[in-house]
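See below for the structure under consideration.
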Amino acid sequence: MLDARLAPPPPFHFHGLASPKGQANAPADAEHNTKAPTGLANFKFISFDELAGEIERHQDSDMLRTLLDDLRNKRIDLRTFCVRVRMTFGASVLLSTVRTLLARQRAKKRAAEAEGAAEKQESDAPSRSAAPATIITVTA
1 MLDARLAPPP PFHFHGLASP KGQANAPADA EHNTKAPTGL ANFKFISFDE
51 LAGEIERHQD SDMLRTLLDD LRNKRIDLRT FCVRVRMTFG ASVLLSTVRT
101 LLARQRAKKR AAEAEGAAEK QESDAPSRSA APATIITVTA
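For the sequence shown, the UniProt record's numbering gives the first residue as 1, with consecutive numbering after it.
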């Protein structure tokens, strides 16, 4: 029998999404519909391999590898994975992982923006490959 602490969590409401029954969230759910913590709103997408690699840097154990395997093979969802990691290893493992992944995403975004700005600056500059200027000699 599963330990009650590791049982899948009940359906949840997150960021004002519709309830599991497809109905709008009731006012009683208002405390669950809070904004994402600062920075998480910009957390677009990470691959499973990025998540697994980073969380294993913070906590390396057989239990974590089992949870990652369950997540990869869709035996548990992401929310259940996070709950189990938090209960087993502590919230600091999740927080450290998310902070590092966010920092990496921000760095990639800044690098892409800087590259785009450099390309735009290059395209706005006059081209040196234009036809050579004509030299006019004036004699008096």
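We put the beta carbon where it would ideally sit given N, CA and C, even for glycine. Predicted model only: the values in this text are computed from it and were never measured.
Exercise. Can you tell me whether leucine 95 is buried or exposed, with buried defined as 16 or more other CB within 10 angstroms of its CB?
Worked result: With fewer than 16 Cβ atoms within 10 Å of its Cβ, leucine 95 is classed as exposed.
Problem set entry | N-terminal and C-terminal residue of the alpha helix (DSSP H) that isoleucine 55 is part of | Membership of isoleucine 55 in the alpha helix (DSSP H) is indicated by the continuous run 48-58.
For this session: Along the alpha helix (DSSP H) that carries phenylalanine 81, what are the first and last residues, could you check?
Result: Looking at the DSSP string, the run of the alpha helix (DSSP H) that includes phenylalanine 81 is 78-89.
Problem set entry | Length of the line joining the Cα atoms of arginine 65 and glutamate 115 | Straight-line Cα distance between these residues: approximately 37 Å.
Exercise. To the nearest angstrom, how far is it from the Cα of arginine 84 to the Cα of glutamate 113?
Worked result: Those two C-alpha atoms are separated by around 37 Å.
Exercise. Residues in its own chain within less than 6 Å of leucine 71 by CB, not counting five upstream and five downstream?
Worked result: Only Phe81 meet the Cβ criterion.
Exercise. What is the DSSP secondary structure of glutamine 121, reduced to helix, strand or coil?
Worked result: Under the three-state reduction of DSSP output, glutamine 121 falls in the helix class.
Problem set entry | Candidates Ala118, Phe89, Lys109, Arg75: closest to residue 219 by CA position | Residue 219 cannot be examined here, being either before or after the span of the chain that is shown, 1 to 140.
For this session: Look at alanine 91 and leucine 68 and say whether their C-beta atoms are less than 7 Å apart.
Result: Alanine 91 is not a Cβ neighbour of leucine 68, given a cutoff of 7 Å.
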